[in-house]
Each structure stands twice: as C-alpha cells, then as structure tokens.
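See below for the structure under consideration.
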Amino acid sequence: MLELELAFSSFIIGLSGAMMPGPLLTYVINGSLQKGFIAGPLIITGHAILELILVILLLSGMSRLFASPLFAAVIGIVGGLVLILMAADMINSALKKKISFEKALNKKADGEEKLRGLIIPGALVSIANPYWTIWWATIGMTYLANASQHGNTAAASFFMGHISADFAWYALIAFFISKGRKFLNDNLYRKLIIIFSLLLIYFGASFLIDSIQYFS
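Shown next, in the form of structure tokens:
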C-alpha cells in the first residue's frame, strides 16, 4: 500500500515538473517532427537512464555534491554551451537545407541509428539543464530520502512513479506532434526547426547567465 502511495504521489509531482516548458520539451517536439511518435519515448528513455544513474548516486551518498551551488553553476555553464552548440548545428542544417522533412518521412532508418540518435541526446539535454540538477538536489532528494527509509522497494516505487509521469506526458506530446506532420512541407519544417533551435539557444543562454553570476 505504501509503495502505491509513493508511486502515485511521485507521479503527480513528476507530471507537474514534466509539463513545464524547457529544453527537453523543445527537443521532444523537434525529434517528433523529424522521426515521428517514436522520438518521444526514445528521448525520454535517455532521460530515464540518466535519472536512474542519478538516483543510484544519491542513494550511494553523493547527495552533498548535487546540492552544491558550485556544482550547479558548473553544470549550468557546460550545459548552456552544449544547448547553444546543438541549436547552432540545427539552425545551420536548416539554413543550408541539409535536412528534408519529405525525405525524412520516406527514409526507413534502422533501429540502431534511431536509438543512437535519440536516446543519448535525451540524456544530454537533461543533464545540460541546471534546473534539473536543482530539482533533484531539493525536491527529488528529499522525496527519495523519505522513500528510502522504507526500503529499496519504496525507493523503486518512487522512481517508477516519477519516470512514468515523464513517459506519459512526453509520449502524449510526441503523439500529437507526429499526427500533425502531414500538414508540413520542407519550407515550414525548416522554419519550425529554426524556431525551436532559437528556443534552445534562449534556454542555453539563460543557464549560462545565471551560472556565471555565481562566480561574479
């Protein structure tokens, strides 16, 4: 009964966080435009693997590191640069017409290419967000500490409830975006890529500015 309560409450808390706009949402939308519905679950798989590693580290006694303002600042600077570079590459590809929506629809990429192309970036986009680190250093760590007092099963229930919220929300987003792809052409597609890339640059610049202030 306790495990179900933990799973449900962590699902609700996780859903409230997942629904907030951020670089992960932007990347899921962009991935869904390019590769369809499968992009959402695959990107969140990368996110889930990263969070599982983080939970293991926190339970292993590394909570002080993740709660450190210096650590968050360093993550913010590195992550901000990563987001900006990723976005710049996307804009460059769109402007030079290296990406084609119509070709992407007709191309049958093999499963290994899809996994390599979406799961790893899903983890990178997540770790590039310093607010993700802050959330886990505060809300997530507190909740995890409470759950772990009741054993590993309770801690696992917390994680499953939390990550289920991410999968549910982003799969829903990917579904609606992929269904709308039939209304797109190459010109509109490239414009959307540029718009979402600019949003990633905004997030990256915000992370950089906030993090650099720590050292000033």
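So that you can map any letter, position 78 of the sequence shown is 79 in our numbering, and since no number is skipped, the others follow by simple counting.
Every residue, glycine too, gets a C-beta built ideally from N, C-alpha and C.
Bear in mind the structure is a predicted one, so any value in this text is a computation, not a measurement.
In terms of Cα proximity to residue 29, the closest of 190, 164, 95, 175 is 175. Each of 197, 154, 53 was checked against the Cα of residue 6, and the nearest Cα belongs to 154. Annotated as proximal: residue 8 and residue 161, with beta-carbon spacing under 7 Å. Annotated three-state conformation of residue 23 is coil, per DSSP. Between the beta-carbon of residue 171 and that of residue 49 there is about 10 Å, and that puts the pair past the 8 Å contact cut. Around the beta-carbon of residue 12, 16 or more other beta-carbon atoms lie within 10 Å, marking it buried. Shown here, residue 35 sits in a helix according to DSSP, grouped into three states. At least 7 Å separates the beta-carbon of residue 27 from that of residue 209. When secondary structure is reduced to three states using DSSP, residue 151 falls in the coil class, being assigned neither helix nor strand.
Check the Cα spacing between residue 76 and each of 123, 129, 47, 99: the tightest is with 129. In chain order, 127 place their CB closer than 7 Å to the CB of residue 133, counting only its own chain and leaving out the 5 sequence neighbours on each side.
Rounded to whole angstroms, residue 15 and residue 163 show a C-alpha spacing of 5 Å. Between the alpha carbons of residue 165 and residue 98 lies a gap of roughly 37 Å. Remark: C-beta atoms of residue 191 and residue 95 approach each other more closely than 7 Å. The continuous alpha helix (DSSP H) containing residue 194 extends over residues 187–216. Boundaries of the alpha helix (DSSP H) around residue 94: 70–96. Scanning its chain for C-beta atoms nearer than 7 Å, with the 5 sequence neighbours on each side dropped, one finds around residue 198 the residues 88, 91, 92, in chain order. Excluding residues up to 5 positions away in sequence, 43, 46, 47 lie with their Cβ nearer than 6 Å to the Cβ of residue 120 in the same chain.
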